[in-house]
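Protein chains in written order, with full-length UniProt numbering: chain S, 1 to 348; chain X, 1 to 348. Below you'll find the structure, written out as structure tokens, and then a few comments.
Protein chains: 2
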Amino acid sequence: MRATLMYGPGDVRVEDVPDSTIKRPTDELVRVTAACICGSDLHPYHSMNPADGPARMGHELIGVVEETGPEVITLKKGDLVVAPFAVSDNVCEFCRENLHTSCIHPEAGFWDGGVPDEGGQAEAIRVPLADGTLVKLPVAEDSELMPSLLTLADVFGTGYHAAKMGGVAPGSRVTVIGDGAVGLMAVLSAKRLGAEQIILMGRHADRTGLGREFGATDVVAERGEEGIAKVRDLTGGHGSHVVLEAVGQLPAYQQAYGVVRPGGVISRVGVPQYEQAPIGFGSLFRHNIRLAGGPAPVRAYIDELMPDILDGTIEPGRVFDTATDLDGVPAGYRDMDGRKSLKVLVRP
Amino acid sequence: MRATLMYGPGDVRVEDVPDSTIKRPTDELVRVTAACICGSDLHPYHSMNPADGPARMGHELIGVVEETGPEVITLKKGDLVVAPFAVSDNVCEFCRENLHTSCIHPEAGFWDGGVPDEGGQAEAIRVPLADGTLVKLPVAEDSELMPSLLTLADVFGTGYHAAKMGGVAPGSRVTVIGDGAVGLMAVLSAKRLGAEQIILMGRHADRTGLGREFGATDVVAERGEEGIAKVRDLTGGHGSHVVLEAVGQLPAYQQAYGVVRPGGVISRVGVPQYEQAPIGFGSLFRHNIRLAGGPAPVRAYIDELMPDILDGTIEPGRVFDTATDLDGVPAGYRDMDGRKSLKVLVRP
Numbered sequence: 001m002r003a004t005l006m007y008g009p010g011d012v013r014v015e016d017v018p019d020s021t022i023k024r025p026t027d028e029l030v031r032v033t034a035a036c037i038c039g040s041d042l043h044p045y046h047s048m049n050p051a052d053g054p055a056r057m058g059h060e061l062i063g064v065v066e067e068t069g070p071e072v073i074t075l076k077k078g079d080l081v082v083a084p085f086a087v088s089d090n091v092c093e094f095c096r097e098n099l100h101t102s103c104i105h106p107e108a109g110f111w112d113g114g115v116p117d118e119g120g121q122a123e124a125i126r127v128p129l130a131d132g133t134l135v136k137l138p139v140a141e142d143s144e145l146m147p148s149l150l151t152l153a154d155v156f157g158t159g160y161h162a163a164k165m166g167g168v169a170p171g172s173r174v175t176v177i178g179d180g181a182v183g184l185m186a187v188l189s190a191k192r193l194g195a196e197q198i199i200l201m202g203r204h205a206d207r208t209g210l211g212r213e214f215g216a217t218d219v220v221a222e223r224g225e226e227g228i229a230k231v232r233d234l235t236g237g238h239g240s241h242v243v244l245e246a247v248g249q250l251p252a253y254q255q256a257y258g259v260v261r262p263g264g265v266i267s268r269v270g271v272p273q274y275e276q277a278p279i280g281f282g283s284l285f286r287h288n289i290r291l292a293g294g295p296a297p298v299r300a301y302i303d304e305l306m307p308d309i310l311d312g313t314i315e316p317g318r319v320f321d322t323a324t325d326l327d328g329v330p331a332g333y334r335d336m337d338g339r340k341s342l343k344v345l346v347r348p
Numbered sequence: 001m002r003a004t005l006m007y008g009p010g011d012v013r014v015e016d017v018p019d020s021t022i023k024r025p026t027d028e029l030v031r032v033t034a035a036c037i038c039g040s041d042l043h044p045y046h047s048m049n050p051a052d053g054p055a056r057m058g059h060e061l062i063g064v065v066e067e068t069g070p071e072v073i074t075l076k077k078g079d080l081v082v083a084p085f086a087v088s089d090n091v092c093e094f095c096r097e098n099l100h101t102s103c104i105h106p107e108a109g110f111w112d113g114g115v116p117d118e119g120g121q122a123e124a125i126r127v128p129l130a131d132g133t134l135v136k137l138p139v140a141e142d143s144e145l146m147p148s149l150l151t152l153a154d155v156f157g158t159g160y161h162a163a164k165m166g167g168v169a170p171g172s173r174v175t176v177i178g179d180g181a182v183g184l185m186a187v188l189s190a191k192r193l194g195a196e197q198i199i200l201m202g203r204h205a206d207r208t209g210l211g212r213e214f215g216a217t218d219v220v221a222e223r224g225e226e227g228i229a230k231v232r233d234l235t236g237g238h239g240s241h242v243v244l245e246a247v248g249q250l251p252a253y254q255q256a257y258g259v260v261r262p263g264g265v266i267s268r269v270g271v272p273q274y275e276q277a278p279i280g281f282g283s284l285f286r287h288n289i290r291l292a293g294g295p296a297p298v299r300a301y302i303d304e305l306m307p308d309i310l311d312g313t314i315e316p317g318r319v320f321d322t323a324t325d326l327d328g329v330p331a332g333y334r335d336m337d338g339r340k341s342l343k344v345l346v347r348p
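Below, the structure is given as structure tokens:
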């Protein structure tokens, strides 16, 4: 079968690999019908150590069950399923608290690194803990809802997690930092949760335009001190109750504590590309700023978010502005890295 | 009148200073009947730049109103009042949200630095924004409840803030880091809010003994990796839902993210003596650890906490193990710094 491999910075290849097969009784083998390239895939695309490669890529996918291990009980051959970006058993104490990304099952973890011989940007994939990980989709493989349903695997759930951990509620004033797919999903999520003001900080007009359609009430293209001043102007001088940080770079975090209101919360879902950052008296402590967020337990949100997609209330799949087959995946990385594409849909 | 001045590290003196007087129509002049030395007073005692001094000291006090400015409406001469460690108008948008430490009135702020010519470790004090700042006490000046009521000025409200911002609720499993007065108040507060398990990390047996009486179910004297391992043992391996950090030094924060449970919260009330600290994937992000806390709006908690003191349900004043007059204040600093005293009550 064919699959995507990353060899080092800027070096993505689609190659023949051994066919994925069932290895454990709780596995399922899934033929991938739709996958995508994630903004977080660009982090190794920039900085991967070639000695750690080649690495199988892709952690967002929809597919058809081809074969089930003997202990799988909730899914059968032919089911169309969506796989979140983390494998989880859905029954441990953390999963029961809706924190599937901290599942304690020995096979649980992120696709990237955690399941080294598998990836979503491929023709097929072995899914561990299938009963816990996968969710059945009540549509056909050729449904036109596919792009929106695919966002349930990561970006929509991640944006929604940001908003939930930020405590967005009716009347909230929110600033979203980042106009990538997750930032736009954070806008859509804040809107869905009733935010009154949603300021989107981003400088790509096509993306912020979509952000406005998703619910952003204001757009601030400036960054740094200038951007902070603009947000403060838009919020009566004190900043936003809730800041959703969907970038992961240190300047985005610095921008976040620049625009957050005293007593407010910064909710991060952009994977931090830093470890040390300011949290002392001068940044968070003085005004009781809270910090929240982490890898989204998207499995926990699928049941809640899917109905709005199925009935057409929301259309998160609009973040996909490009589609390709597997051969086009290396170009897809290049285009996302070069901001020519917002998010690339892959149909293997 | 006589007042306490800090000239530099280890250099505290009690001297004659100009009498405090009313300067603005919203001021009150208060004769101090009880004050104290705070653990946070030890930070400048260690590291103050003599060029910034001499500085008036003391931000916790009870006293009798001697004179009221013409615009003060809620308090009158002869009232016994408690002054929180922050001046606030109690009516701005932040005070109405119970975040008095972020009051936006131009005269609002901390005693230390914010009201440079006044301090609680003195015979008298000018209190700005008296209607907003002060709370009347329904007891006589010689009440035996005085030590406990004095904790409402800072340490009890600060420990309670830690617990509230940590979301302590019935059934919570809590770790408190620090066996100083605030740490012990955090124990008492967690108990009051219904915590099921309260692990106190501290190595002074007399203090942790009092902590047990306040509600600690377990005491861990070890620090660092060894202490973290002990807490994990006591919590089924995963750590505590809530960690209350009442120290302010970086190792205490590192200990905090070592003992917090995935999805849990670290609530800081020890004034951070650092600005940069780990908050990336390896510390907070990976398991959705939240960070909360800041300077406690103790004004917001006085009405809630005072009844339990008045009816004897709780006795937070037990943290005072030493009492002195003004002359004994320099020795009080020395004894607190040397851990001979837990907390010093000053009767000017």
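Note that the Cβ used here is the ideal one computed from N, Cα and C, for glycine as well. Since we're looking at a predicted model, the values are computed, not measured.
Quiz item: Taking C-beta to C-beta, are ILE228 (chain S) and GLY258 (chain S) nearer than 7 Å?
Solution: yes
Quiz item: For SER47 (chain S), is the classification buried or exposed, using 16 other Cβ atoms within 10 angstroms of its Cβ as the cut-off for buried?
Solution: exposed
Quiz item: Going along the chain, which residues of its own chain have a beta-carbon closer than 7 Å to the beta-carbon of PRO54 (chain S), five neighbours each way excluded?
Solution: LEU5, MET6, TYR7
Self-check item: Rounded separation between THR324 (chain X) and THR33 (chain X) - CA only
Solution: 12 Å
Quiz item: Along chain X, in chain order, which residues have C-beta atoms closer than 7 Å to that of TYR274 (chain S)?
Solution: GLY280
Self-check item: Range of the contiguous alpha helix (DSSP H) that encloses TYR257 (chain X)
Solution: 250-259
Exercise. Have a look at X:ALA51, X:GLU97, X:GLN121, X:THR313 and flag the residue whose alpha-carbon is nearest the alpha-carbon of ALA83 (chain X).
Key: X:GLN121
Quiz item: If you draw a straight line from the C-alpha of ASN90 (chain S) to the C-alpha of ASP27 (chain S), how long is it?
Solution: 14 Å
Quiz item: Shorter than 7 Å from the beta carbon of SER88 (chain X) to some beta carbon of chain S?
Solution: no
Quiz item: Can you list the residues of chain S that ARG286 (chain X) reaches, using a CB-CB cut of under 9 Å?
Solution: THR101, SER102, GLY294, PRO295
Quiz item: In the DSSP assignment, what are the bridge partners of THR322 (chain S)?
Solution: S:VAL344
Quiz item: Per DSSP, CYS36 (chain X) forms a beta bridge with which residues?
Solution: X:LEU345
Quiz item: From X:GLU141, X:GLY159, X:VAL81, pick the residue whose C-alpha is nearest to that of ARG126 (chain X); which is it?
Solution: X:VAL81
Self-check item: Min CB distance PHE110 (chain X) to chain S below 7 Å
Solution: no
Exercise. For my contact list, ARG203 (chain X) and ALA221 (chain X) are in at a C-beta cut-off of 8 Å; report their separation, rounded to the angstrom.
Key: 4 Å
Quiz item: Roughly how many angstroms lie between the CA atoms of VAL176 (chain X) and MET201 (chain X), to the nearest whole one?
Solution: 6 Å
Practice problem: Return the chain-ordered list of same chain residues with a C-beta closer than 7 Å to the C-beta of THR158 (chain S), the five sequence neighbours on each side being excluded. | Solution: VAL182, MET185, VAL269, ALA296, VAL298
Exercise. Would you check if the distance between the CB atom of TYR333 (chain S) and the CB atom of VAL72 (chain S) is smaller than 7 Å?
Key: no
Exercise. Closer than 8 Å, Cβ to Cβ, to anything on chain S: give me those residues from the stretch 135-152 of chain X, in chain order.
Key: none
Quiz item: Can the beta-carbon of ALA205 (chain X) be found less than 7 Å from the beta-carbon of ILE198 (chain X)?
Solution: no
Self-check item: Per-residue burial, ALA163 (chain S) [other beta carbons within 10 Å of its own, 16 or more giving buried]
Solution: buried
Quiz item: Quick one, are the C-beta atoms of VAL14 (chain S) and ARG31 (chain S) less than 7 Å apart?
Solution: no
Quiz item: Given a limit of 7 Å on CB to CB distance, which residues of the stretch 253-266 of chain X reach chain S?
Solution: PRO262, GLY263
Self-check item: Supposed contact pair SER283 (chain S) and GLU275 (chain X) - C-beta distance, whole angstroms, cut 8 Å
Solution: 7 Å
Practice problem: Mark GLU144 (chain S) as exposed unless 16 or more other C-beta atoms lie within 10 angstroms of its C-beta, in which case mark it buried. | Solution: exposed
Quiz prompt | Residue range of the beta strand (DSSP E) that includes GLY113 (chain S) | solution = GLY113 (chain S) -> not in any beta strand (DSSP E); alpha helix (DSSP H) instead, spanning 111-114.
Exercise. At 8 Å on the CB atoms, spell out the chain X contacts of SER283 (chain S), in chain order.
Key: GLU275
Quiz item: Can you find a CB in chain X that lies within less than 7 Å of the CB of LEU129 (chain S)?
Solution: no
Quiz item: Considering ARG2 (chain S), what are the terminal residues of the beta strand (DSSP E) in which it resides?
Solution: 2-8
Quiz item: Buried or exposed: which applies to LYS343 (chain X), given that a residue is buried once 16 or more other Cβ atoms fall within 10 Å of its Cβ?
Solution: buried
Exercise. Anything in the stretch 162-178 of chain S with a Cβ closer than 8 Å to a Cβ of chain X? List those residues in chain order, please.
Key: MET165
Quiz item: If you count every other CB in all the chains shown that lies within 10 Å of the CB of GLU245 (chain S), and 16 or more means buried, which is it?
Solution: buried
Self-check item: Residues that ARG126 (chain X) bridges to, as DSSP identifies them
Solution: X:LEU29
Quiz prompt | For ILE314 (chain S) and LEU61 (chain X), the rounded distance between their alpha carbons | solution = 57 Å
Quiz prompt | Through-space distance from MET306 (chain S) to THR21 (chain S), alpha-carbon basis | solution = 29 Å
Self-check item: Three-state class that DSSP yields for ILE289 (chain X) in the structure shown
Solution: coil
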